[in-house]
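Residue numbers (our numbering): 372 to 655.
Quick reminder that beta carbons are idealized off the backbone N, C-alpha and C, glycines included.
What you are looking at is a predicted structure, and each value in this text was computed from that prediction instead of being measured.
Here the structure comes first, spelled out in structure tokens, and everything after it is commentary.
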Amino acid sequence: MDRKPVTIPAIIGKKNSGSKITALTAYDFSFAKVLDATDIDIILVGDSLAMVALGFPNTLPVTMDEMIAHTRAVQRGARNSLLVGDMPFMSYQVSDEQAITNAGRFLQEGGAAAVKLEGGVRMAQKVRAIVQAGIPVMGHIGLTPQSVHQFGGYKIQGKNLLQARQIKQDARELEKAGAFAIVLEGIPDDLAQEITGCLKIPTIGIGAGPHCDGQILVLHDLLGITQDFTPKFVKRYANLDAEIKKAVGQYIEEVRSGAFPGREHSYNTDKNPLKKVDDSRGNH
Ligand code: KIV
Numbered sequence: 372m373d374r375k376p377v378t379i380p381a382i383i384g385k386k387n388s389g390s391k392i393t394a395l396t397a398y399d400f401s402f403a404k405v406l407d408a409t410d411i412d413i414i415l416v417g418d419s420l421a422m423v424a425l426g427f428p429n430t431l432p433v434t435m436d437e438m439i440a441h442t443r444a445v446q447r448g449a450r451n452s453l454l455v456g457d458m459p460f461m462s463y464q465v466s467d468e469q470a471i472t473n474a475g476r477f478l479q480e481g482g483a484a485a486v487k488l489e490g491g492v493r494m495a496q497k498v499r500a501i502v503q504a505g506i507p508v509m510g511h512i513g514l515t516p517q518s519v520h521q522f523g524g525y526k527i528q529g530k531n532l533l534q535a536r537q538i539k540q541d542a543r544e545l546e547k548a549g550a551f552a553i554v555l556e557g558i559p560d561d562l563a564q565e566i567t568g569c570l571k572i573p574t575i576g577i578g579a580g581p582h583c584d585g586q587i588l589v590l591h592d593l594l595g596i597t598q599d600f601t602p603k604f605v606k607r608y609a610n611l612d613a614e615i616k617k618a619v620g621q622y623i624e625e626v627r628s629g630a631f632p633g634r635e636h637s638y639n640t641d642k643n644p645l646k647k648v649d650d651s652r653g654n655h
């Protein structure tokens, strides 16, 4: 598909035109290439990499070096979608300097166009510092997975008045700090609607209902590859786990039975050169 590279002004423009922003995660070159050939607006190299690709129980252990390596791989496949790198736990919390340096690595080494980081009011100064360094930032508030221990699990946020007010304030402060978009994760849909209505920058929802300016999902959830707990907000558009197991099962059966590889998957020369030598020697 021939399409123009997606830019940050184009993403912001979608809010004004009312056309929904579409976003998915990717962690490697092959999937990035497939996604980029669709019309997807944003590819996020999420720190969900820790769970989906590296097998950790949460997102906390993934390192900057791992995130950069995967962002580089995704970048080689993503020519047109807007590429966003997710700042891992403890790569931006310590100081403005740390936040700017690590955000810069995503652009310089990873080839991303922007970074995402978790936190609202408490992280607004880090967002401001990164944006002032010329690096676009996507915010992420609500159920922020890097705070799993503080929350005592992956619990929907913003269900009581105090929390809801805080999340709205988080959104406002991120916008003031210069974020170009905000991921709203795991909050009630009416709160997401209210926040979306009071911001000039777009909101991108995951488990935040239908009223956001766009949606994001973890690719492996959408494809039905992840088999563990599936949150309510995930819709599986395919069941690749079953498809992959079926294909691999068939392969095993055919290798064992000798049905694969057949002649059509083998390199046949008209005459086996070794046999030709043997023939000329009268060896049959
Ligand atoms: O890490 C991730 O994949 C994310 C998105 C799902 C928002 O942060």
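- Taking the Cα positions, residue 544 is about 36 Å away from residue 405.
- Within the stretch 568-597, the complete alpha helix (DSSP H) segments of 4 residues or longer fall at 590-593, listed in chain order.
- Here residue 460 is buried: its Cβ has 16 or more other Cβ atoms, across all protein chains shown, within 10 Å.
- Straight-line spacing of the CA atoms in residue 554 and residue 633 works out to 51 Å.
- Within the same chain, Cβ atoms closer than 6 Å to the Cβ of residue 376 are found at 451, the five residues on either side in sequence being excluded.
- Residue 439 has its Cβ no nearer than 6 Å to any heavy atom of ligand 1.
- Separation of the CB atoms of residue 500 and residue 471 is rounded to 6 Å, and the pair is thereby assigned contact status at 8 Å.
- Just so you know, the alpha carbons of residue 483 and residue 441 end up roughly 11 Å apart.
- Straight-line measurement puts the Cα of residue 637 at about 13 Å from the Cα of residue 629.
- Scanning its chain for C-beta atoms nearer than 7 Å, with the 5 sequence neighbours on each side dropped, one finds around residue 567 the residues 574, 582, 583 and 584, in chain order.
- Relative to ligand 1, the nearest heavy atom lies less than 6 Å away from the CB of residue 589.
- Within the stretch 422-477, the runs of alpha helix (DSSP H) at least 4 residues long that lie entirely inside it are, in chain order, 435-448.
- With a threshold of 16 other beta carbon atoms within 10 Å, residue 419 meets it and is buried.
- Of 382, 495, 394 and 389, the smallest CA-CA separation from residue 576 is found for 394.
- Among the bridge pairs identified by DSSP, residue 555 is matched with 512 and 576.
- Sequence-distant Cβ neighbours of residue 540 in its own chain, meaning closer than 8 Å and more than five residues away, are 491 and 492.
- For residue 487, the pairing in a beta bridge is given by DSSP as 457 and 509.
- In its chain, beyond the 5 residues on either side, 471, 474 and 475 have a beta carbon closer than 8 Å to the beta carbon of residue 504.
- Remark: C-beta atoms of residue 595 and residue 610 approach each other more closely than 7 Å.
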